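Heads up: the structure comes next, in structure tokens.
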Amino acid sequence: MVLGVLLIVAGFLGIDLNPEDDDGWTVSDEGILSYARMEEIQYSYEELSGNTTDTLKLITFESRGAQIEGILRIPQSDTRVPGVVVLPGAGVTKEMQNRVPEALAEMGYASLTIDQRNLGGINPESDLELFKKGEEPVEYLMVYDAMMAADVLQDQTRVEDNIAMLGLSNGGRFAIIATAIDPDIKGVIAISTGGYDTDSIDRNMVADETAYRFYRSIDPDNYLDMIPPRRLVMFHSVNDSIVPYEMAHKTFSKAEEPKAFYGLTGDTHGYSHAAEGYLEKELDLIFN
46 MVLGVLLIVA GFLGIDLNPE DDDGWTVSDE GILSYARMEE IQYSYEELSG
96 NTTDTLKLIT FESRGAQIEG ILRIPQSDTR VPGVVVLPGA GVTKEMQNRV
146 PEALAEMGYA SLTIDQRNLG GINPESDLEL FKKGEEPVEY LMVYDAMMAA
196 DVLQDQTRVE DNIAMLGLSN GGRFAIIATA IDPDIKGVIA ISTGGYDTDS
246 IDRNMVADET AYRFYRSIDP DNYLDMIPPR RLVMFHSVND SIVPYEMAHK
296 TFSKAEEPKA FYGLTGDTHG YSHAAEGYLE KELDLIFN
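What follows is the structure, given as structure tokens:
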């Protein structure tokens, strides 16, 4: 509803563009973001210590002019293991999001948990102004960072080519979009998240087509049909007070098979240990 109002009000600005960056990002008439190419991987790392048998490293990689930091965790294994890129929710650092990578390591998966730009915080109105000027919105950069993280994780000698995305809250939105536009990603786990339902807006009532395209381009609902035959899995607490359960379930209802939805008891926003058994099962389905 809020985005719909913004789209109608935005018409008074009367700007109609077809933004495209010199570096290869485009947005289609239907609001689908795409990148023509990815940068060459450039990263450094520092060994970390911890009370664990897992390998821990602080990774710093280049992504669209920024230095993105992440914590790499690889469990002990005699063979290479699949990997999962973890995108925390808004305001959550890579260090704070430790329960998910620890659980993944116990299941036998490597992970790279990154600090997203602005720590996952978003400003759609500011990004719209960038978009109208033909400049790359921050939310697009965050999607790109997720795809770069997948490339960095895949580059590790002890990690397989099989990489999945896992995002929480805002991070779940970026995880869905990144998975949709990067065909090498094997599947996506979305926790405590949902789309913006922009497809319910009557396009004939939209006063500003450019604003419409932009808001569609940041709505994970708009990318759901690009995920199959890969798997979409959603976890959501039935009493989540930050992202309503109904919002998550509406997004799930729009997705095509293969998919799975787990409603969890309680009001936890974010990762819940109640999801662990299901998460292990679903990751096995994603990778196999």
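Everything in the sequence shown is counted per our numbering, starting at 46 for the first residue and increasing by one.
The beta carbon of each residue, even a glycine, is placed where N, CA and C say it ideally should be.
On a predicted model such as this, the values are computed, not experimentally measured, just so you know.
Extent of the continuous alpha helix (DSSP H) to which residue i belongs
{"i": "S171", "result": "169 to 177"}
{"i": "Q199", "result": "183 to 199"}
{"i": "V145", "result": "144 to 152"}
{"i": "S245", "result": "Where S245 is concerned, there is no enclosing alpha helix (DSSP H), given that its DSSP letter is neither H nor E."}
{"i": "Y268", "result": "Where Y268 is concerned, there is no enclosing alpha helix (DSSP H), given that its DSSP letter is neither H nor E."}
Counted within 10 angstroms of its Cβ, other Cβ atoms place residue i as buried (16 or more) or exposed
{"i": "T97", "result": "exposed"}
{"i": "D196", "result": "buried"}
{"i": "A225", "result": "buried"}
{"i": "E85", "result": "exposed"}
{"i": "T310", "result": "exposed"}
{"i": "R276", "result": "buried"}
Residue i: first and last residue of the uninterrupted beta strand (DSSP E) it sits in
{"i": "D206", "result": "204 to 213"}
{"i": "A155", "result": "155 to 159"}
{"i": "R118", "result": "111 to 119"}
{"i": "L78", "result": "78 to 80"}
DSSP-derived helix/strand/coil call for residue i
{"i": "S73", "result": "coil"}
{"i": "M279", "result": "strand"}
{"i": "R218", "result": "helix"}
{"i": "R125", "result": "coil"}
{"i": "A235", "result": "strand"}
{"i": "T138", "result": "coil"}
{"i": "D66", "result": "In this prediction, D66 has a pLDDT of 46, which is less than 50 and means its spatial position is unreliable; what the coordinates show is noted afterwards. Reduced to three states, the DSSP call for D66 is coil."}
{"i": "T255", "result": "helix"}
{"i": "T224", "result": "helix"}
Bridge partners - residue i, DSSP secondary structure assignment
{"i": "S89", "result": "T105"}
{"i": "V130", "result": "L157, M210"}
{"i": "I287", "result": "Its beta-bridge partners do not exist; DSSP assigns none."}
{"i": "I230", "result": "I208"}
Exercise. Can you list the beta strand (DSSP E) stretches of 3 or more residues lying completely in the region 303 to 333, in chain order?
Worked result: 304 to 309
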